[in-house]
Amino acid sequence: MANGSPKHHHQLEAKRKRLTWIVGVSGLCVLFYVLGAWQHSTPLTNLTQSITKADCDVSNRAAVSSNPSTSSSSVALDFDSHHQSQINNTTSVNEFPPCDMSFSEYTPCQDTQRGRKFDRNMLKYRERHCPTKDELLLCLIPAPPKYKTPFKWPQSRDYAWYDNIPHKELSIEKAVQNWIQVEGDRFRFPGGGTMFPRGADAYIDDINELIPLTDGSIRTAIDTGCGVASWGAYLLKRDIISMSFAPRDTHEAQVWFALERGVPGMIGIMASQRLPYPARAFDMAHCSRCLIPWHKYGWERTQEDLKQEQDAIEDVAKRLCWKKVVEKADLSVWQKPLNHIDCIASRKTYKTPHICKSDNPDAGWYKEMEVCITPLPEVSSSDEVAGGAVEKWPARAFAIPPRIRSGSIPGITAEKFKEDNNLWKDRDRCDITHILLEMDRILRPEGTVIFRDTVEVLVKIQTITNGMRWKSQIMDHESGPFNPEKILVAVKTYWTGEKKRKQKE
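First residue of the sequence shown: 403, per the working numbering; consecutive thereafter.
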């Protein structure tokens, strides 16, 4: 009786209409899907013919389609326009000419001609003096004629091609010290030096007997007045990386030999400005000729004179709160304190040098040196390491640095440690052309550069490098084609300058 009521009949009718509507919509969806799939199933040959009629280049796309197994990350991407319409091309390649061979050894901020214009007091003229914007070169620095691919490591530690560094002056001046020798078409580095006549390897072994070099506590070292960087070269096998620095000589920069050997090096001098490094950047500092009398009356000095110089260094070390750890033969090792609690208290005894007050210890670029002690971060106890202790190597490579963990660097947190892009957003950007030309100058022939950025930036870079005799291609990110970040791999092609022809008199 209840089943035949009008209300129940109305409910059944509503359910029937709803079911019919769902089935109808589903059927339309299936129909449109089939039509769409059929429309996009046009044969490749017909599609190619259609595109060819529009004057488009499909050679690259056809090659990619014929090899579907190729991974997306290894396929060269092409973002150039391939139509043949006559339009004004605003991204035409600007060809950069080679510089004159007289610039083959040019170092922008270490130009000897420019340096002569500056004060010779405290050797300021040998510091960095960079060219103005109007003086920047817009040409490619040529490699020396007959340039050869350098020896591979570790052979490069002992040998370098003469044609790559065509200077014999150092082998003549330092012949007695056994720094470098010329053997036919190559230089040989015997490993000798001013203070290690038995060789750098034996010299480092002597140091290792005094302080541990292989337990991971020492990873970075700075070498003052490095010569040809034999000390740094032989430290590498002990898992220690050294930064060797020395000023540019009259003939050449000695660090040129270091870099050709595969050892880190930079042109620099201890004069009136700080070295371009933040505070507490190195585990060890090395100076191999601090007491050698280089001036013209050095031969007249007696043992008493040498002792006075040694005593003067001892006194300065005490005033700096350094502690002499050990002394043996020609080696003396001082250690910087863990913190400055005792050092501050000692200022009652040593009035000079005082502790710097208004000073940023991490400021390095063009920062004048002062006659004061750079303060260490504050601590709560005398046995606490100022600024935090760093991990031993190799754990240090992946550990968050103490200065970041403590929040002492504004804007950089532990979470942002690996996101270094944030560090550069607040800095003034340079002209990309000048950056690429400088990269070309310091890069060896057939050297490789890898860029990661958006397509817009990479296309701009590729447009410039096409005029620099570089070969390049853009590829997908390793995570796949849907990542907006792409990869540009560029290779500097091999070319050298030509020898200057002597003018006939």
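Glycine is no exception: its CB is placed at the ideal position from the N, C-alpha and C atoms.
Are the beta-carbon atoms of residue i and residue j separated by less than 9 Å?
i	j	result
residue 743	residue 756	no
residue 804	residue 790	yes
residue 681	residue 732	no
residue 618	residue 798	yes
residue 507	residue 736	no
residue 521	residue 527	yes
residue 547	residue 899	yes
residue 549	residue 590	no
Might you give, ordered along the chain, the residues of its own chain that have their beta carbon closer than 6 Å to the beta carbon of residue i, omitting 5 neighbours on each side?
i	result
residue 850	893
residue 628	646 and 648
residue 605	598
residue 489	Bear in mind that the predicted position of residue 489 carries a pLDDT of just 48, short of 50, making it too unreliable to give a figure here.
residue 580	592 and 594
residue 845	894
residue 644	623, 625, 634 and 637
residue 788	741, 778, 779 and 781
residue 413	none
Beta-carbon of residue i versus every beta-carbon of chain B: anything under 9 Å?
i	result
residue 632	The structure shown has no chain B; it contains just one protein chain.
Suppose you measure from the CA of residue i to the CA of residue j; what does that come to, to the nearest Å?
i	j	result
residue 848	residue 557	19 Å
residue 594	residue 897	34 Å
residue 510	residue 752	43 Å
residue 779	residue 741	8 Å
residue 843	residue 540	11 Å
residue 449	residue 496	For residue 449, the predicted model reports a pLDDT of 38, less than 50, meaning its position is unreliable; a value from the coordinates is still stated below. Their Cα atoms are separated by approximately 36 Å.
residue 674	residue 717	22 Å
residue 427	residue 415	19 Å
residue 571	residue 656	11 Å
residue 734	residue 808	34 Å
residue 705	residue 609	25 Å
residue 745	residue 669	33 Å
residue 832	residue 819	24 Å
residue 860	residue 690	46 Å
residue 855	residue 817	21 Å
For the beta strand (DSSP E) containing residue i, name the first residue and the last one.
i	result
residue 836	That residue, residue 836, is in no beta strand (DSSP E); its alpha helix (DSSP H) goes 834-844.
residue 734	733-737
residue 681	First-last for residue 681: undefined, no H or E at that position.
residue 729	725-730
residue 875	872-877
residue 624	622-626
residue 758	No beta strand (DSSP E) contains residue 758, which DSSP labels as neither H nor E.
residue 600	Note, residue 600: premise wrong, no beta strand (DSSP E); not H, not E.
residue 590	588-590
The alpha helix (DSSP H) spanning residue i covers which residue range?
i	result
residue 807	804-807
residue 636	632-637
residue 665	No alpha helix (DSSP H) contains residue 665, which DSSP labels as neither H nor E.
residue 859	857-867
residue 707	705-721
residue 582	Careful: residue 582 lies outside any alpha helix (DSSP H) and carries neither H nor E.
residue 572	571-575
residue 747	743-747
residue 514	514-517
Can you name, in chain order, every residue of its own chain whose Cβ lies under 8 Å from the Cβ of residue i, other than the five neighbours on each side?
i	result
residue 838	863, 866, 867 and 870
residue 513	531 and 533
residue 758	772, 774, 775, 776 and 777
residue 873	892, 893 and 895
residue 661	667
residue 672	626
residue 801	792 and 793
residue 840	510
residue 834	862, 863 and 866
Could you round the C-beta distance between residue i and residue j to whole angstroms and report it? I think they count as a contact, below 8 Å.
i	j	result
residue 565	residue 795	37 Å between Cβ atoms; not a contact.
residue 542	residue 500	5 Å
residue 623	residue 553	So it is not a contact: roughly 24 Å between Cβ atoms.
residue 612	residue 728	5 Å
residue 749	residue 664	That pair is no contact at about 45 Å.
residue 767	residue 883	41 Å between Cβ atoms; not a contact.
residue 769	residue 676	5 Å
residue 588	residue 563	6 Å
residue 602	residue 632	4 Å
Spatial neighbours of residue i within its chain, please: CB distance less than 7 Å, with the 5 preceding and 5 following residues excluded, ordered by chain position.
i	result
residue 479	876, 877, 878 and 888
residue 421	none
residue 783	none
residue 518	527
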